[in-house]
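Trainee: In this note's numbering, the protein residues as written are 14 to 307. Dropping the structure in here first, questions after.
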Ligand code: R5P
């Protein structure tokens, strides 16, 4: 049985890597808008009896999710065997709690929708802060690719005397594992977020690390406020220019130019961006094969 990979509005470079790593056939679809702006979708590749993987990277998800539902439904009608989803960035994980009465805890309905849409899910370091695992909200099998070893390798190859810095207490477990793999010391900050663009961090003692390059490691850069606020403290403490590393570089509005002005910025290839340097395709393929064969 062959595996067919459909790229739904996602990074063609990562698609090519995944096709090679999975030894998969490229699935063809015709996708366009009707004059009334509704979606037209037609699957051009016969997938009867074959495993199918949809590569649909769900950052900026609101425009993609409906087309994912339409594609998956069409593939089922065409009698595909398993239908899996590769989404290096898993959207809607950050609203994992109701902070104000009446607020939608969007991670939950989004998880229900995806669980009804595909048979399995592969992603990279989803934002698991209040949930211990995706199984708390997803009812389908999933595999989480961990970027920590890949980030540690990049740091070992590129930074001399790094001091790793995690932005908040939730990141400690993650930053400590990157630090251990990279053989580097680490510090974790305290963070208070008051709003989308209002973040306060407090820095622990960094004076004794003056000879080190601060390397800020986080799962997501969105508004960039967490990184920017931390860099201001590091500058005030007289630390050298920092390197910011994120698994998922979302870079809302002008976050990237603002960060670039004060630090070197590196992200994984999870979201295509000029800062993307850390390869993730081989690790995603390993996780996908496990679910296809399981
Ligand atoms: C929060 O818990 C995450 O780990 C990141 O620190 C956060 O998502 C970064 O967001 P922003 O770039 O908007 O400060």
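For glycine and all other residues, C-beta sits at the position ideal for the given N, C-alpha and C.
Over what stretch of residues does the alpha helix (DSSP H) that includes residue 121 continue unbroken?
Mentor: Residues 120 to 130.
Trainee: For the structure I just gave you, are there three or more beta carbon pairs, one from the segment 66 to 79 and one from the segment 92 to 107, closer than 8 Å?
Mentor: The segment 66 to 79 vs the segment 92 to 107: in contact.
Trainee: Taking only the alpha-carbon atoms, compute the straight-line gap between residue 242 and residue 214 and give it to the nearest angstrom.
Mentor: About 7 Å.
Trainee: What residue range is occupied by the uninterrupted beta strand (DSSP E) comprising residue 53?
Mentor: Looking at the DSSP string, the run of the beta strand (DSSP E) that includes residue 53 is 52 to 56.
Trainee: DSSP state of residue 73, grouped into three classes?
Mentor: Of the three classes helix, strand and coil, the one that applies to residue 73 here is coil, per DSSP.
Trainee: Could you pull out every unbroken alpha helix (DSSP H) segment of at least 4 residues lying fully inside the segment 58 to 117, listed in chain order?
Mentor: Those alpha helix (DSSP H) runs which fall completely within the segment 58 to 117 and span 4+ residues are 78 to 90.
Trainee: If you count every other CB in all the chains shown that lies within 10 Å of the CB of residue 257, and 16 or more means buried, which is it?
Mentor: So residue 257 counts as buried.
Trainee: Bridge partners for residue 227 per DSSP, in chain order?
Mentor: According to DSSP, which records beta bridges pairwise, residue 227 is partnered with 176.
Trainee: Verify the contact flag: residue 235, CB atom, against every heavy atom of ligand 1, threshold strictly below 8 Å.
Mentor: Yes, since a heavy atom of ligand 1 falls inside the 8 Å radius drawn around the Cβ of residue 235.
Trainee: Give the DSSP bridge partners of residue 43, in chain order.
Mentor: DSSP lists 55 as partners of residue 43.
Trainee: Using the beta-carbon count (16 or more within 10 Å), is residue 203 buried or exposed?
Mentor: When all chains shown are included, residue 203 counts as exposed.
Trainee: Spatial neighbours of residue 119 within its chain, please: CB distance less than 8 Å, with the 5 preceding and 5 following residues excluded, ordered by chain position.
Mentor: Contacts found: 105, 108.
Trainee: Once the 5 residues before and after residue 280 are set aside, which same chain residues still bring their CB inside 8 Å of it?
Mentor: Hits under 8 Å: 234, 258, 259, 260, 261, 262, 286, 288, 289, 290, 291.
Trainee: Find the nearest neighbour of residue 301 within the set 33, 159, 133, 89, judged by alpha-carbon distance.
Mentor: Closest by alpha carbon: 133.
Trainee: Would you grab the beta carbon distance between residue 158 and residue 297 for me? Rounded to a whole angstrom, and I think it's under 8 Å.
Mentor: Yes, residue 158 and residue 297 are in contact; Cβ-Cβ is about 6 Å, under 8 Å.
Trainee: Label residue 197 either buried or exposed according to how many other C-beta atoms from any shown protein chain fall within 10 Å of its C-beta, with 16 as the threshold for buried.
Mentor: So residue 197 counts as buried.
Trainee: Report the CB separation of residue 142 from residue 183 in whole angstroms; it is logged as a contact under 8 Å.
Mentor: Right, their Cβ atoms sit about 5 Å apart.
Trainee: Within 8 Å: the Cβ of residue 246 and any heavy atom of ligand 1?
Mentor: Because no heavy atom of ligand 1 lies under 8 Å away, the Cβ of residue 246 does not count as near it: no.
Trainee: Around the Cβ of residue 29, are there at least 16 other Cβ atoms within 10 angstroms (buried) or fewer (exposed)?
Mentor: Flag for residue 29 reads exposed.
Trainee: Scan the segment 169 to 213 and note each continuous alpha helix (DSSP H) run of 4 residues or more that stays entirely inside, going in chain order.
Mentor: As far as the segment 169 to 213 is concerned, its whole alpha helix (DSSP H) runs of at least 4 residues are 185 to 195.
Trainee: Beta carbon of residue 142: closer than 8 Å to some heavy atom of ligand 1?
Mentor: Yes, Cβ of residue 142 sits closer than 8 Å to a heavy atom of ligand 1.
Trainee: Along the chain, where does the beta strand (DSSP E) containing residue 280 start, and where does it finish?
Mentor: Its beta strand (DSSP E) spans residues 276 to 281.
Trainee: Beta-carbon separation of residue 200 and residue 219 under 9 Å?
Mentor: In contact: residue 200 and residue 219 (Cβ atoms closer than 9 Å).
Trainee: What does the Cβ neighbour count give for residue 205, buried or exposed, with the cut at 16 atoms within 10 Å?
Mentor: Flag for residue 205 reads exposed.
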